[in-house]
Amino acid sequence: MSYENILAEKLEGGVGLVRLNRPKALNALNADLMRELVEALMLFDADPEVGCLVITGNEKAFAAGADIKEMETATTVEMLYNDRISLWDRIHDLKKPVIASVSGVALGGGCELAMACDMIIAADNARFGQPEINLGVIPGAGGTQRLTRAVGKALAMEMVLNNRWLTAEEAYRFGLVNRVYAPEVVFDETLRIAREIAARAPVAIRIAKESVNATYDMFLGDGIRFERRNFYFLFSTEDQKEGMNAFVNKRDPKWQGK
Ligand code: CAA
3 MSYENILAEK LEGGVGLVRL NRPKALNALN ADLMRELVEA LMLFDADPEV
53 GCLVITGNEK AFAAGADIKE METATTVEML YNDRISLWDR IHDLKKPVIA
103 SVSGVALGGG CELAMACDMI IAADNARFGQ PEINLGVIPG AGGTQRLTRA
153 VGKALAMEMV LNNRWLTAEE AYRFGLVNRV YAPEVVFDET LRIAREIAAR
203 APVAIRIAKE SVNATYDMFL GDGIRFERRN FYFLFSTEDQ KEGMNAFVNK
253 RDPKWQGK
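Residue numbers (the numbering used here): 3 to 260.
What follows is the structure in structure tokens.
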């Protein structure tokens, strides 16, 4: 499949890669890019040869946010009817794990896109921020919600109210990103992690992602019960029998995704 604003490629080891590709606009997320991104991700999500998805940008920018030029003159009614941000829900709804490999700026919608992924692997030149207040608006794709859950109220307030940016090291310290690497190796390290996840028991991976994400939508007691039912459910899979038998017999498991 060929696209104008992204590059999509199926890589060895079960990884579906999407590279945001509007370098002149620092990968600003316009409507066409978002449509292509969601389409490519959904195709990978449905591809049985793919076990993990990766979204990345270039060395200067993961993404500098929603496309301001596209929104500048929009009215409330146009924003409401176009409802472009509802596309972002498709990313959150993907069944397979999604990793953001972030170099350079991840601002506004760029930071929100990274946070919609399941893990963030950052280069040490990465910068995370929600500068929408400078435009007279607020984050519109989950920034006030996911950021606050990730870094806590005090820091989220400072980022959203006063445009504080986080370095990669700070983002790591505050729990927003999983790992930080030098820019030259961050993509390879992301692929290494993605391939490790893609090689794991597929049904359990899917249920694990769903169970962790349920934290966002449920009270603790409901979440604990949801997790327990999912745990019991996995005992109906061949992978559970294989995984436990392999452990007991001191051999490597062979996952079937069944
Ligand atoms: N939308 C549209 N174009 C953008 C853009 C954006 N979000 N960010 C950068 N660009 C464009 C610039 O207009 C410029 O294009 P031209 O060469 O045609 O003028 C090009 O990308 C390069 O940008 P700069 O010259 O500004 O590069 P810089 O290195 O001097 O600065 C930057 C980099 C600090 C990231 C700066 O570009 C910037 O502040 N960008 C805007 C960041 C922002 O406010 N993001 C939030 C957007 S709103 C949002 O995301 C809402 C939401 O929650 C969904």
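Every residue gets a Cβ at the ideal spot worked out from N, C-alpha and C, and that includes glycine. This one's a predicted model, so the numbers in the text were calculated from it and none came from an experiment.
Apart from the 5 residues on each side of it in sequence, LEU28 sits with its Cβ closer than 6 angstroms to the Cβ of ALA63, ALA66 in its chain, given in chain order. SER103 sits away from ALA128, with the two beta carbons spaced by 7 angstroms or more.
Straight across, the Cα-Cα distance linking LEU43 with ALA201 is about 19 angstroms.
When DSSP states are grouped into helix, strand and coil, SER213 belongs to the helix group.
When secondary structure is reduced to three states using DSSP, SER103 falls in the strand class. By the CB criterion at 7 angstroms, GLU38 and ILE87 fall outside the cutoff. Here the distance from the Cβ of LEU109 to the nearest heavy atom of the ligand CAA is below 6 angstroms.
Under the DSSP definition of a beta bridge, LEU28 lacks any partner.
In the three-state reduction of the DSSP assignment, GLU74 falls in the coil class.
Cβ contact annotation for GLU244 (same chain, cutoff 6 angstroms, sequence separation greater than five): PRO255, in chain order.
Within the DSSP secondary-structure output, TYR5 pairs in no beta bridge. By the Cβ neighbour-count rule, ARG253 is exposed, with fewer than 16 other Cβ atoms within 10 Å of its own.
With respect to the 7 angstroms criterion, LEU13 and LEU19 are classified as neighbours on the basis of their beta carbons. Straight across, the Cα-Cα distance linking TRP257 with VAL187 is about 29 angstroms.
CA-to-CA, the gap between THR146 and VAL250 works out to about 46 angstroms.
Closest by C-alpha distance to ASP120, out of ALA108, ILE135, GLU134, PRO99, is PRO99. When DSSP reads this structure, THR169 sits in a beta bridge with ARG129.
Under the DSSP definition of a beta bridge, VAL17 partners with LEU13, CYS54. Each residue's CA atom was taken as its position, placing LEU55 and SER4 some 18 angstroms apart. Across the set GLY142, THR150, GLU191, ASN164, the C-alpha of THR150 shows the shortest separation from the C-alpha of ALA173.
The Cβ atoms of GLY15 and VAL52 lie no closer than 7 angstroms to each other. In the structure shown, ARG181 adopts extended strand secondary structure according to DSSP, grouped into three states. In the three-state scheme derived from DSSP, where H, G and I count as helix and E and B as strand, MET220 is classed as coil. Annotation: ILE226 to MET220 spans about 9 angstroms, alpha carbon to alpha carbon. The beta carbon of TYR183 is closer than 8 angstroms to those of ILE123, ALA124, ALA125, ASP126, GLU191 in its chain, skipping five residues each way along the sequence. Contact annotation, LEU115 with ALA152: C-beta distance approximately 14 angstroms; criterion of less than 8 angstroms not satisfied. Below 8 angstroms, too few C-beta pairs join the stretch 197-215 and the stretch 152-162 to call them touching: fewer than three.
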